[in-house]
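Trainee:
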Amino acid sequence: MNYSIRPLIQEDEPFLWQMLYEAAHMAEEGNLTIQDAINHPELARYVKNWGANGDMGFLASLVDNNQPVGAAWIRLLTGENRGYGYINDETPELAIAILPEYRNQGIGTQLITHLLAAAKAFYPSISLSIRSSNPALLLYQKLGWRAVDGSEVINRVGGTSFKMKLDLSK
């Protein structure tokens, strides 16, 4: 499969909502829609008004028809706007998703690689929140993310999630 990767722009916000829906595993929760992600305040903070100062991310799209297939982005969520993976006010949180039919083909790894290379110039670390059952856990560990001790919580669907952090200064 031929795909290209480019930086996210403000006009990509509609696709980011779709990716947030995928990243939050909402399809697995029954008949939830992308609108449910938009209406969920704790999820919406990851996308709403994309393009703010400090927002950074990349989009993968098919070369032949320019169809977006995945995105990885970071956002600094602080104060009242803290996200699930909050570590501190200097550490942005990662969100990433690939459309189901394009998963397990290396696209997510490439998106993260691009994002980490760009983020190193601006941030000392990146955090994320992950369900313990997420198959991407192995990828994050391979790339150097480490679980944050004591961060385990029961997530909104009754499973276990925890925070991970990647130190970019190494």
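Residue numbers (full-length UniProt numbering): 1 to 170. A virtual CB, placed ideally from N, CA and C, is assigned to each residue, including glycine.
(1) Would you be able to state if there are at least three C-beta pairs under 8 Å between the region 67-81 and the region 95-106?
(2) Taking the Cβ atom as the reference point for each residue, do ILE38 and HIS114 lie within a distance shorter than 8 Å?
(3) Spatial neighbours of MET19 within its chain, please: C-beta separation below 6 Å, excluding the five flanking residues on both sides.
(4) Write down the C-beta distance between LEU137 and ILE126 rounded to the nearest angstrom, noting that I regard them as a contact closer than 8 Å.
(5) I need the straight-line Cα distance from GLN110 to LEU16, nearest angstrom please.
(6) Unbroken beta strand (DSSP E) runs of length 3 or more, entirely within the region 24-76: which are they?
(7) Determine the DSSP secondary structure at ALA97, reduced to helix, strand or coil.
(8) Using only the heavy atoms of the ligand ADP, determine whether one of them is closer than 7 Å to the beta carbon of LEU137.
(9) Using the Cα positions of LEU99 and LEU59, report the straight-line distance between them to the nearest angstrom.
(10) With 16 as the cutoff for other CB atoms within 10 Å, does MET26 come out buried or exposed?
(11) Scan the region 96-162 and note each continuous alpha helix (DSSP H) run of 4 residues or more that stays entirely inside, going in chain order.
(12) Of the residues ALA118, ASN31, PRO14 and SER61, which one's Cα is nearest the Cα of ARG103?
Mentor: Taking the geometry as given:
(1) yes
(2) If you check the CB distance, ILE38 and HIS114 do not come in under 8 Å.
(3) ALA71 and ALA97
(4) The pair is not a contact, with the Cβ atoms about 16 Å apart (cut-off 8 Å).
(5) 17 Å
(6) 56-62 and 68-75
(7) strand
(8) The ligand ADP is absent from the structure shown, which contains no ligand whatsoever.
(9) 12 Å
(10) buried
(11) 107-119 and 137-142
(12) SER61
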